[in-house]
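**Student:** First residue of the sequence shown? That's 22 in my numbering, and the numbers climb one at a time after it. Handing you this structure, nothing more for now.
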Amino acid sequence: MKEIILLKLGEIVLKGLNRKNFEDTLLRTVRRRLAKIGEFRVRAAQSTVYVEPMNDDADMDEAAECVSRIFGVAAFARACTAEKDLEKIKTAAAEYLADTLEGIKTFKVEAKRSDKKFPYNSPEICNEVGGYLLEKFPDLTVNVHEPDVIVTVEIRDFGAYIRAGLIRGAGGIPVGTGGKACVLISGGIDSPVAAYMMAKRGLELMAVHFASPPYTSERAEEKVVELLKKVARYSGRLKMYTVPFTKIQTEIRDKCKEDYFTLIMRRFMMEIAERLAVDKGAQALITGESLGQVASQTVGAIGCTDAVCGMPVFRPLIGMDKEEIIEISRKIDTFDISIQPYEDCCTVFTPRHPRTKPVLEKVIEEQNKIDSAPLIEEAVMNVKVRDIL
Ligand code: ATP
Ligand code: MG
């Protein structure tokens with residue numbers, strides 16, 4: 022008996038003319054991600070992607086976990102295949118679902134017959150398979166309203182498939198169908214979540230991290246690498262650009278008024294990130310800001326940082342509470358890494374009384390005490406690139 026994984030496509034089914042592009046991107050992603058696990062055949066038909074192992078020792082647990090993190094998959098299920106022959110379908114169902122059916126009390130059978138040439142209609146399939154399972158598992162009863170398990174028999178072009186239930190997939194739309202964006206990533210809780218959320222909307226990612234050695238350590242940078250590896254399980258591979266930021270920060274400290282430190286620093290970050298984004302073909306920036314969370318995240322402060330930047334800045338966490346953000350960070354397994362206590366360049370030279378209602382002209386006036394252009398040039402020249410797989 023052969024087991025496969027069926028992926029049900031989500032929103033991408035609705036995308037009209039773009040559908041082919043979405044589906045192709047999804048297939049490519051599924052193939053690429055599964056290639057690390059084993060040899061699989063991946064093909065699509067009728068809004069379903071079929072993932073078939075090409076040999077017996079394929080790790081189906083790992084494959085199922087892998088597809089659970091692929092955006093564009095609304096739901097998935099492991100299923101067994103059978104020939105399109107009612108007797109074979111019945112025995113396959115009893116054998117494949119034995120463990121599941123022995124552990125429950127009630128079930129019902131649903132049939133989906135997309136191959137209309139199959140000689141039995143859906144109610145007949147349900148009756149036949151349901152009757153057979155009742156015989157084989159005498160402790161079971163049928164409950165059509167609230168069954169413990171729904172056994173689904175799908176009669177499709179390539180064969181018949183039997184499964185128990187569907188598991189919710191990662192949702193969203195396939196990475197790469199929405200263009201590319203650059204996430205400003207710190208070691209905190211928020212920015213990895215923001216990156217995950219935008220990848221879910223189909224954006225390919227690149228990441229920029231600002232480091233200020235010796236105020237920030239090698240270990241703090243490694244922490245960001247670890248975070249991005251977790252994000253990459255959803256977004257796919259990406260590049261991380263580490264920008265040396267010490268000189269800019271010390272310049273700000275030495276030349277600008279203390280209450281503007283953070284704002285000016287953030288404007289430098291945005292400007293440099295945008296430079297790198299343009300250079301690498303990204304069309305937007307992503308940050309982990311949430312309105313009112315800290316002084317630099319008030320409406321006024323965000324206005325002042327945005328003003329330096331020509332491309333759209335996506336802030337998917339802007340309306341979320343910390344608790345909601347933490348919930349997602351636990352789900353994507355970044356939380357425990359984020360809370361490790363390493364310093365971030367944002368916490369170096371933090372002003373005692375940051376401006377919460379800054380006036381843009383004043384910020385620019387302060388920032389103009391620094392000769393920005395050569396500093397930015399130097400920082401961009403010395404960027405370090407890493408591949409995150
Ligand atoms: P996070 O939890 O993501 O660190 P935060 O709540 O600590 O966010 P800030 O420290 O004010 O907030 O940073 C706001 C945003 O600025 C971050 O979400 C991130 O996008 C960006 N950012 C902060 N520090 C860095 C850094 N060292 N490198 C790159 N981006 C950064
Ligand atoms: Mg932070």
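The beta carbon of each residue, even a glycine, is placed where N, CA and C say it ideally should be. Just so you know, these numbers come straight off a predicted model, no measurement behind them.
Verify whether the separation of the beta carbon atoms of Leu312 and Val384 is less than 8 Å.
**Tutor:** No, the Cβ-Cβ distance between Leu312 and Val384 is not below 8 Å.
**Student:** Between the region 299-319 and the region 201-221, can you find at least three pairs of beta-carbon atoms closer than 8 Å?
**Tutor:** As far as the Cβ criterion goes, the region 201-221 touches the region 299-319, which means the pair count is three or higher.
**Student:** How many Å lie between Pro235 and Asp211 at the Cα?
**Tutor:** Going from the Cα of Pro235 to the Cα of Asp211 covers about 24 Å.
**Student:** Using the DSSP secondary-structure output, state which residues sit across from Thr263 in a beta bridge.
**Tutor:** The partner list for Thr263 (beta bridge, DSSP) reads His230 and Lys405.
**Student:** Give, in chain order, every unbroken run of the alpha helix (DSSP H) that is at least 4 residues long and sits entirely within the region 269-348.
**Tutor:** Counting whole runs of 4 or more residues, the region 269-348 contains the alpha helix (DSSP H) stretches 282-300 and 320-327.
**Student:** Write down the C-beta distance between Met81 and Arg52 rounded to the nearest angstrom, noting that I regard them as a contact closer than 8 Å.
**Tutor:** Contact doesn't hold; Cβ gap of about 16 Å is too wide.
**Student:** Measuring from the CB of Ile206, is there a heavy atom of ligand 1 at a distance below 7 Å?
**Tutor:** Checking the Cβ of Ile206 against ligand 1 gives yes.
**Student:** Based on the DSSP output, what are the partners of Ile183 in its beta bridges?
**Tutor:** DSSP output for Ile183 lists Cys101 and Val174 as bridge partner(s).
**Student:** Mapping DSSP to helix, strand and coil, what is Leu30?
**Tutor:** Here Leu30 sits in strand by DSSP.
**Student:** Does Gly151 pass the burial test, meaning 16 or more other C-beta atoms within 10 Å, or should it be called exposed?
**Tutor:** Buried, since its Cβ has 16 or more Cβ neighbours within 10 Å.
**Student:** At a cut-off of 7 Å, is Gly309 close to ligand 1 when judged by its beta-carbon and the heavy atoms of the ligand?
**Tutor:** The answer is yes for Gly309.
**Student:** Quick one, are the C-beta atoms of Phe282 and Pro362 less than 8 Å apart?
**Tutor:** The answer is no: Cβ separation not under 8 Å.
**Student:** In the DSSP assignment, find the beta strand (DSSP E) that holds Lys201 and state where it starts and stops.
**Tutor:** First-last of the beta strand (DSSP E) with Lys201: Lys201 to Leu205.
**Student:** So within the region 72-158, which uninterrupted beta strand (DSSP E) runs reach at least 3 residues, ignoring any that extend past its ends?
**Tutor:** List check, beta strand (DSSP E) in window: 94-103 and 127-134.
**Student:** Alpha carbons only, please: which of Ala253, Phe179 and Ile125 is nearest the one belonging to Cys87?
**Tutor:** Closest by alpha carbon: Ala253.
**Student:** Roughly how many angstroms separate the alpha carbons of Ser256 and Lys221, rounded to a whole number?
**Tutor:** Taking the straight line joining both Cα atoms gives about 8 Å.
**Student:** Could you spell out the range, first to last residue, of the alpha helix (DSSP H) harbouring Phe370?
**Tutor:** Careful: Phe370 lies outside any alpha helix (DSSP H) and carries neither H nor E.
**Student:** Using only the alpha-carbon positions, how far apart do Glu123 and Leu154 sit?
**Tutor:** Rounded to the nearest angstrom, the two C-alpha atoms are 11 Å apart.
**Student:** Thinking C-alpha only, which one of Gly93, Val299 and Val245 is nearest Gly197?
**Tutor:** Comparing Cα-Cα distances from Gly197 to each of Gly93, Val299 and Val245, the minimum goes to Gly93.
**Student:** At a threshold of 7 Å, does Phe128 count as lining ligand 1 (C-beta to nearest heavy atom)?
**Tutor:** Outside the cutoff, so no.
**Student:** Kindly list the residues whose CB is nearer than 8 Å to the CB of Leu55, restricted to its own chain and excluding five residues on each side of it in sequence; keep chain order.
**Tutor:** The residues are Phe61, Val63, Val72, Ala84, Cys87 and Val88.
**Student:** How long is the line joining the alpha carbons of Pro142 and Thr69, rounded to whole angstroms?
**Tutor:** Contrary to the premise, residue 142 reads as Asn rather than Pro in this sequence. Straight-line Cα distance between these residues: approximately 21 Å.
**Student:** Per the DSSP calculation, Thr355 is bridged to which residue(s)?
**Tutor:** Bridge partners of Thr355: none, in fact.
**Student:** Just the Cα atoms here: how many angstroms apart are Leu410 and Glu156?
**Tutor:** The alpha-carbon atoms of Leu410 and Glu156 are separated by roughly 50 Å.
**Student:** If you follow the beta strand (DSSP E) that Arg52 is in, where does it begin and where does it stop?
**Tutor:** Counting along the chain, Arg52 falls outside any beta strand (DSSP E), though it belongs to the alpha helix (DSSP H) covering Arg40 to Ala56.
**Student:** What's the C-alpha gap between Ala65 and Phe266?
**Tutor:** Taking the straight line from one Cα to the other gives about 47 Å.
**Student:** Skipping 5 residues on each side, what residues in its chain have a beta carbon closer than 7 Å to that of Lys250?
**Tutor:** Excluding residues within five positions, the ones whose Cβ falls inside 7 Å are Ile409.
**Student:** So, with DSSP's three-state summary, where would you put Arg376?
**Tutor:** Three-state result, Arg376: coil.
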